[in-house]
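Participant: Each protein sequence line maps, in turn, to chains A and B. Residue 1 is where the first sequence starts when you use our numbering, and the numbers rise one by one after that. Residue 1001 is where the second sequence starts when you use our numbering, and the numbers rise one by one after that. Please read through the structure below; I'll follow up with questions.
Protein chains: 2
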Amino acid sequence: MSSFKGRYSYSVDNKGRIAIPAKVRKNVSPDANDTFIVTRGYEQCLFLYPQDEWAKVEDSIRGLSPSNPQHRFFVRTLLQWAIDCQLDSQARLSIPQDLLKFAGIEDEVLILGVLERIEIWNPKIYEAYMNNQPATYETVAEVVLKPTP
Amino acid sequence: MSSFKGRYSYSVDNKGRIAIPAKVRKNVSPDANDTFIVTRGYEQCLFLYPQDEWAKVEDSIRGLSPSNPQHRFFVRTLLQWAIDCQLDSQARLSIPQDLLKFAGIEDEVLILGVLERIEIWNPKIYEAYMNNQPATYETVAEVVLKPTP
DNA sequence: CCCATATTCCCCACTTTTCCCCACACGGCA
DNA sequence: TGCCGTGTGGGGAAAAGTGGGGAATATGGG
C-alpha cells in the first residue's frame, strides 16, 4: 500500500512534461513498472495512481454488469478520463493535452501526495480552492480525527 | 484480460476507415491477431471486442437455452450484427456501412475504452447521452475513488 | 455473357506528435 | 573540490494519424 505525502512545486516544460519528485518516487511500489494512471480528480485537479493502486480501483468496477444501464454509465464515466502514462528516463510524465486543459495547468504545478494517490494542481486554482473553504484546518481536524468511542 | 480505458477523438476518412488509438492497441492481447468483432452496442454506439475477449462473450451466451424465447431473441440480436474486422497495415478498421449508420457515425468519432471492450460513438450522440444522465463524474468517482477504510 | 460501375483491400506518402537520448545547471555531501 | 542525484531543456529518430492511388473483387444492367 502506497503512502504518498508532501507538497512540491514543479514546472511544466514546453512539451507538457511534468517531473515526479524523487521523494514521491521512492514510495512507488516496483509493481507499478513506472506506469501511472492519470485521471480527473474531484475539484479541478488530476489524480495520479501508480499502476498497482489503480488495479484496485479497476477490480472494484469489473464486477459491474454490462447489461445494466446504470452500471454502463458508471463505468464509462469513470474510465473515459483515465489514461496510462509511463515515466521517461528522466522520471517525467507526458500528460495529454485534454487532461492538462481540464485542470487548467499551464507552466507551473503543485504536486501533492495524498496517501494512495498523487494530485496535480494549478497552484492558483489550489490557492483559490483553499481560500474558499469555510472551515479551517483546526475545525475540520476536530471532526475528522475524533477518536472512535 | 483486457483493460481498455480513455477517451479519444478520431476522424473517419472518406473511405469509412477508423484508426484504433495506439494507447488502446497496446492493451490488446497478441492472441487477438489484429482481429476485432464489431457489433451493435447498448445505447446508440458500436461495441468492439478483440477476438480473445469476444470468445468469452460467446462462451457466456452458449450457456443460454435455445428453448427459451427470450434467450433466442437476445442471441439472434447480438449475433446477427456481429462481424469480423481486421486491422489494415495502418492499424485502421473498415467498418460496414450499416453498422456506421446504426451508430449515426459520419466523419468524427469518439472512441472509449471500457475494460474488456471498446466503444465507438458519434460525439454528439455521446454528449446527449451523457447530458441525460442524472449522475455526474463526481458522484460516480465518490463511490470508487475513495481510500479503502 | 459481358462490360461498366462500385466496393474492398493493399500499398505508398505526407505531416504531426511522441518518445528516447544527451546535455547542462544547481545543490548537497563526502 | 569533485562527485553524484535531481530538476530542466532540447534535438533527432521513430511512431502515429491522415489521406489517397491503384489493383483485385464484387455488383448490376443490358
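Beta carbons: idealized from backbone N, C-alpha and C, even for Gly.
Between the Cα of residue 150/A and the Cα atoms of 126/A, 113/A, 96/A, 128/A, which residue gives the shortest distance?
Facilitator: No answer is possible for residue 150/A: it lies beyond the span of chain A, which begins at 1 and ends at 149.
Participant: Under the three-state reduction of DSSP, which class applies to residue 87/A: helix, strand or coil?
Facilitator: Within the first sequence, numbered from 1, the residue matching residue 87/A stands at position 87. Residue 87/A falls in the coil class under three-state DSSP.
Participant: Just curious, the beta strand (DSSP E) that residue 121/A is in, first and last residue?
Facilitator: To locate residue 121/A, count along the first sequence from 1; it is residue 121. Residues 117 to 121.
Participant: By the DSSP assignment, the alpha helix (DSSP H) with residue 69/A in it spans what residues?
Facilitator: For the purposes of this step, residue 69/A is taken as the residue at position 69 of the first sequence. Where residue 69/A is concerned, the enclosing alpha helix (DSSP H) stretches over 69 to 79.
Participant: Could you tell me if residue 1070/B is buried or exposed, where buried requires 16 or more neighbouring beta carbons within 10 angstroms of its beta carbon?
Facilitator: Mapped onto the second sequence, residue 1070/B falls at position 70. That one is exposed.
Participant: Using beta carbons (cut-off 7 Å, strictly below), is residue 73/A in contact with chain B?
Facilitator: Indexing the first sequence from 1 puts residue 73/A at position 73. Yes, contact with chain B.
Participant: Return helix, strand or coil for residue 3/A, following the three-state DSSP convention.
Facilitator: Mapped onto the first sequence, residue 3/A falls at position 3. The answer is coil: DSSP assigns residue 3/A none of H, G, I, E or B.
Participant: Do residue 1012/B and residue 1018/B have their C-beta atoms closer together than 7 Å?
Facilitator: Residue mapping note: residue 1012/B aligns to position 12 of the second sequence, counting from 1. Residue mapping note: residue 1018/B aligns to position 18 of the second sequence, counting from 1. For residue 1012/B and residue 1018/B, yes; Cβs fall inside 7 Å.
Participant: Quick check: residue 123/A and residue 110/A, are their CB atoms within less than 7 Å of each other?
Facilitator: For the purposes of this step, residue 123/A is taken as residue 123 along the first sequence, with counting starting at 1. For the purposes of this step, residue 110/A is taken as residue 110 along the first sequence, with counting starting at 1. It is a contact, given that the beta carbons lie within the stated cut-off.
Participant: How about residue 1006/B: is its C-beta nearer than 7 Å to some C-beta of chain A?
Facilitator: Start at 1 with the first residue of the second sequence, and residue 1006/B comes out as number 6. With 7 Å as the cut-off, residue 1006/B counts as an interface residue toward chain A.
Participant: What are the residues in the segment 45 to 63 of chain A lying within 8 Å of chain B by C-beta distance?
Facilitator: Cβ contacts with chain B come from 47, 56, 57, 58, 60, 61, 62.
Participant: Can you name the residues of chain A whose CB is closer than 7 Å to the CB of residue 1078/B?
Facilitator: Within the second sequence, numbered from 1, the residue matching residue 1078/B stands at position 78. Within chain A, no residue comes near residue 1078/B; the closest Cβ sits about 11 Å away, beyond 7 Å.
Participant: Using the Cβ count rule (16 or more neighbours within 10 Å means buried), how would you classify residue 51/A?
Facilitator: For the purposes of this step, residue 51/A is taken as the residue at position 51 of the first sequence. Result: buried.
Participant: Take the Cβ of residue 1020/B as the centre, count every other Cβ of all protein chains shown within 10 Å, and call the residue buried at 16 or more, exposed below.
Facilitator: Along the second sequence, read from residue 1 onward, the residue named residue 1020/B stands at position 20. Flag for residue 1020/B reads buried.
Participant: Per DSSP, what kind of secondary structure is residue 1024/B in: helix, strand or coil?
Facilitator: For the purposes of this step, residue 1024/B is taken as the residue at position 24 of the second sequence. Helix, per DSSP.
Participant: Run through DSSP, which three-state label would residue 1065/B get?
Facilitator: As a first step, residue 1065/B is located in the second sequence; it is residue number 65 there, counting from the start. Three-state result, residue 1065/B: coil.
Participant: Note down, in chain order, each residue of its chain lying with its Cβ closer than 8 Å to the Cβ of residue 1083/B, except the 5 sequence neighbours on either side.
Facilitator: Position 83 of the second sequence holds residue 1083/B. For residue 1083/B, where only same-chain residues beyond five positions count, the Cβ hits under 8 Å are 1037, 1038, 1039, 1096, 1099.
Participant: What residues in the segment 82 to 97 of chain A bring their beta carbon closer than 8 Å to a beta carbon of chain B?
Facilitator: Correct list: 82, 83, 84.
Participant: For a contact meaning CB atoms closer than 7 Å, what does residue 42/A contact in chain B?
Facilitator: In the first sequence, the residue the question calls residue 42/A occupies position 42. Those are 1138, 1141, listed as they occur along chain B.
Participant: In this structure, how does DSSP classify residue 1125/B when only helix, strand and coil are distinguished?
Facilitator: The residue labelled residue 1125/B in the question sits at position 125 within the second sequence. DSSP places residue 1125/B in helix when its eight states are reduced to three.
Participant: Leaving out five residues before and five after residue 1027/B in sequence, what residues of the same chain have Cβ atoms less than 7 Å from its Cβ?
Facilitator: Counting from 1 along the second sequence, the entry for residue 1027/B is found at position 27. So the qualifying residues of the chain are 1002, 1003, 1004.
Participant: How about residue 35/A and residue 80/A: are their beta carbons less than 7 Å apart?
Facilitator: Residue 35/A sits at position 35 when you count from the first residue of the first sequence. Residue 80/A sits at position 80 when you count from the first residue of the first sequence. Taking 7 Å as the Cβ cut-off, residue 35/A and residue 80/A do not qualify as a contacting pair.
Participant: Taking the beta strand (DSSP E) that residue 142/A belongs to, which residues open and close that run?
Facilitator: In the first sequence, residue 142/A corresponds to position 142, counting from 1. First-last for residue 142/A: 137 to 144, but that is the alpha helix (DSSP H), not the beta strand (DSSP E).
Participant: Output the boundary residues of the alpha helix (DSSP H) element that contains residue 1098/B.
Facilitator: Reading the second sequence from its first residue, position 98 is the one you call residue 1098/B. Looking at the DSSP string, the run of the alpha helix (DSSP H) that includes residue 1098/B is 1097 to 1102.
Participant: With H, G and I counted as helix, E and B as strand and the rest as coil, what does DSSP make of residue 1053/B?
Facilitator: Here residue 1053/B refers to the residue found at position 53 of the second sequence. Of the three classes helix, strand and coil, the one that applies to residue 1053/B here is helix, per DSSP.
Participant: Looking at the structure shown, is residue 1029/B part of a helix, part of a strand, or coil, going by DSSP?
Facilitator: Here residue 1029/B refers to the residue found at position 29 when the second sequence is read from its first residue. The answer is coil: DSSP assigns residue 1029/B none of H, G, I, E or B.
Participant: Chain A partners of residue 1003/B, CB-CB under 8 Å?
Facilitator: The residue given as residue 1003/B occupies position 3 in the second sequence. The answer, in chain order, is 58.
Participant: Mind reading off the beta-carbon distance from residue 77/A to residue 1137/B? Whole number of angstroms is fine, and I expect it under 8 Å.
Facilitator: On the first sequence, position 77 is the one that residue 77/A refers to. On the second sequence, position 137 is the one that residue 1137/B refers to. About 6 Å; that satisfies the 8 Å criterion.
Participant: By a C-beta neighbour count over all protein chains shown, 10 Å radius and 16 as the cutoff for buried, is residue 1064/B buried or exposed?
Facilitator: Walking along the second sequence from the start, residue 1064/B turns up at place 64. Burial call: exposed.
Participant: Quick check: what's the CA-CA separation for residue 134/A versus residue 1030/B?
Facilitator: As a working note, residue 134/A is residue 134 in the first sequence. As a working note, residue 1030/B is residue 30 in the second sequence. Those two C-alpha atoms are separated by around 53 Å.
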